[in-house]
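*Asks:* This is the structure, below, for whatever I ask next.
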Amino acid sequence: MNEAPMQTYTYRLGESAEPITMRQDDGTPYDLSGCSVQIAVETGPTCLIVPVQIPDPLLGTIMPDTAVLDTLTPRARRASIHITWSEGSKDSSPDFALNIVEAC
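Position in the sequence shown counted from 1, then plus 3, gives you this note's numbering.
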């Protein structure tokens, strides 16, 4: 995995999450068929693991679990996406900022 899915991802507490599309360098979405994906969010000395749903694996799109995101207090945190590919190898995205904000 060569590129970050984004530099900053903003989530408004209590609202629906925006999808994240994982793309290759040429812009083609990753095929997430048979993959396991999660988001690791730094919360201090530990990481919070945010499960994701993969609504359409061929589109490379993931949807973070809003119930877990809603446990975070508003502020920016470092995060990365971890993928276990169908054949068992593992990969991670570069770090990005997960910005949690209050809904207005």
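No residue lacks a Cβ here, since even glycine has one placed at the ideal position from N, Cα and C.
Mind checking whether Y32 and G63 have CB atoms under 8 angstroms apart?
*Replies:* Note that residue 32 is Pro in the sequence shown, not Tyr. Their beta carbons are under 8 angstroms apart, which means P32 touches G63 by this criterion.
*Asks:* Do you know how far the Cα of A82 is from the Cα of C50?
*Replies:* 9 angstroms
*Asks:* When you compare only the Cα positions, how much space is there between D73 and G17?
*Replies:* The straight-line gap from Cα to Cα measures roughly 6 angstroms.
*Asks:* Check A7 in the structure and name its three-state DSSP category.
*Replies:* Because the pLDDT of A7 is 45, which lies under 50, any placement of that residue in the model is unreliable, and the question is left without a value.
*Asks:* In the DSSP output, which residue or residues are listed as bridge partners for S39?
*Replies:* Residue pairing of S39 in beta bridges, as defined by DSSP: T87.
*Asks:* Per DSSP, which one or two residues make a beta bridge with E45?
*Replies:* C50
*Asks:* Rounded to whole angstroms, what is the Cα-Cα separation between V104 and E90?
*Replies:* 37 angstroms
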